[in-house]
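Trainee: Counting in our numbering, the sequence shown runs from 414 upward without gaps.
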Amino acid sequence: MTLSDIPRVYEIDQLSFPVPWTPQSYGYEVKENPNAYMTVLETRPTLKSSTWIGRLFQRALPSQMVGYSGLWVIAGEAHISTIAVHPEWRGKSLGEVLLNDMIGQSLALESEYCVLEVRASNLTAQKLYEKYKFEMVGRRRGYYKDNAEDALLMHLSFSDPDYRRYFADLSTQLAAKVSYTR
Ligand SMILES: CC(C)(COP(=O)(O)OP(=O)(O)OC[C@H]1O[C@@H](n2cnc3c(N)ncnc32)[C@H](O)[C@@H]1OP(=O)(O)O)[C@@H](O)C(=O)NCCC(=O)NCCS
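(1) Note down, in chain order, each residue of its chain lying with its Cβ closer than 6 Å to the Cβ of serine 482, except the 5 sequence neighbours on either side.
(2) Using a Cβ-Cβ cutoff of less than 8 Å, which residues in the same chain neighbour leucine 587 once the five nearest sequence positions on both sides are dropped?
(3) Within its chain, find whatever has a CB closer than 6 Å to the CB of leucine 522; leave out the 5 residues flanking it on each side and keep chain order.
(4) Which residues share a DSSP beta bridge with tryptophan 485?
(5) Looking at C-beta atoms only, is the number of pairs between the stretch 522-534 and the stretch 454-471 that lie closer than 8 Å three or more?
(6) So what does DSSP say about alanine 533, is it helix, strand or coil?
(7) Using the Cα positions of valine 422 and glycine 517, report the straight-line distance between them to the nearest angstrom.
(8) Distance, Cα to Cα, arginine 472 vs glutamate 455?
(9) Tell me the start and end of each unbroken beta strand (DSSP E) in the stretch 552-590 that is at least 3 residues and wholly inside, in chain order.
(10) If we count the other Cβ atoms within 10 Å of its Cβ and call it buried at 16 or more, is leucine 569 buried or exposed?
(11) Would the C-beta of isoleucine 419 count as close to ligand 1, meaning under 6 Å from any of its heavy atoms?
(12) Under 6 Å: does the beta carbon of glutamate 509 sit that close to some heavy atom of ligand 1?
(13) Taking the continuous alpha helix (DSSP H) assigned at phenylalanine 470, which residues delimit it?
(14) Give me, in chain order, the residues of the same chain whose beta-carbon lies closer than 8 Å to that of glutamate 562; leave out the 5 immediate sequence neighbours on both sides.
(15) Could you tell me whether any non-hydrogen atom of ligand 1 is closer than 6 Å to the CB of leucine 541?
(16) Is isoleucine 516 near ligand 1, in the sense that its beta carbon is under 6 Å from a heavy atom of that ligand?
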């Protein structure tokens, strides 16, 4: 994510959350927070061509930002601060691409565990996190100020030696569904 991405990120944020972040808070994460890893996901129309000129042309096609995510990594802890996909693009494995990328980044940075908060009513997001083996470890009562809804605290430990293999298998399955590059 760069500063020029923020208007579109803010647009998706407003469509995704009852209380969006401010554009200034994205600016802080992008420019000033040394522990933040802010990512945007862009899609491009696909050309059915395997020639080098086709691939070159493919890269020149206009892209569209359809989602974004935020991760903080501090002293062995990875914390997912945000993740959203534009409503018109949901259900196409793109949220999983964003989550997969953050977990991959957390592992690469040798984090010991990853945590996040999710609204108790947000079953879609909880299913996504459970797919990657996050577990509910706590509940913060009335955490969300707009409707006093509880937050569930979810935790994923990287200490299980089998987790990397499990993650690699999920990544392979995801790559078979969606073609993406970093
Ligand atoms: C949560 C969110 C990022 C998921 O993105 P998405 O692109 O729609 O999800 P994907 O298509 O990648 O689905 C990945 C997994 O999520 C779960 N999931 C997705 N849509 C679901 C639905 N309608 N019902 C139940 N589970 C669902 C499934 O486990 C799915 O895995 P599967 O394909 O193997 O079944 C998206 O719904 C979103 O932006 N929501 C608003 C913002 C938000 O709530 N963010 C989370 C804050 S904690």
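By construction, the Cβ of each residue, glycine as well, lies at the ideal position given by its N, Cα and C atoms.
Mentor: Looking at the atomic coordinates:
(1) For the purposes of this step, residue 482 is taken as residue 69 along the sequence shown, with counting starting at 1. These residues qualify, in order along the chain: Thr452, Ile496, Leu511, Met515.
(2) In the sequence shown, counting from the first residue as 1, residue 587 sits at position 174. Only Ser506, Glu509, Val510, Asn513 meet the Cβ criterion.
(3) For the purposes of this step, residue 522 is taken as the residue at position 109 of the sequence shown. For leucine 522, where only same-chain residues beyond five positions count, the Cβ hits under 6 Å are Val486.
(4) Locating residue 485 in the sequence shown gives position 72, where the first residue counts as 1. In DSSP, tryptophan 485 forms a bridge with Ala449, His492.
(5) no
(6) As a position in the sequence shown, residue 533 is number 120, starting the count at 1. Coil.
(7) Against the sequence shown, residue 422 aligns to sequence position 9. Against the sequence shown, residue 517 aligns to sequence position 104. Straight-line Cα distance between these residues: approximately 22 Å.
(8) The sequence position of residue 472 within the sequence shown is 59, counting from 1. The sequence position of residue 455 within the sequence shown is 42, counting from 1. Roughly 12 Å separates the two Cα atoms.
(9) 562-570
(10) For this step, residue 569 is matched to residue 156 along the sequence shown. The residue in question, leucine 569, is buried, as its Cβ has 16 or more Cβ neighbours within 10 Å.
(11) Reading the sequence shown from its first residue, position 6 is the one you call residue 419. Every heavy atom of ligand 1 is 6 Å or more from the Cβ of isoleucine 419, so no.
(12) On the sequence shown, residue 509 is found 96 positions in, with the first residue counted as 1. Checking the Cβ of glutamate 509 against ligand 1 gives yes.
(13) Along the sequence shown, read from residue 1 onward, the residue named residue 470 stands at position 57. 465-473 is the extent of the alpha helix (DSSP H) around phenylalanine 470.
(14) In the sequence shown, counting from the first residue as 1, residue 562 sits at position 149. Cβ within range, chain order: Arg532, Ala533, Ser534, Gly555, Tyr556.
(15) Taking the sequence shown and counting its residues from 1, one reaches residue 541 at position 128. Flag set: Cβ of leucine 541 near ligand 1.
(16) What you label residue 516 is simply residue 103 of the sequence shown in a count that begins at 1. Outside the cutoff, so no.
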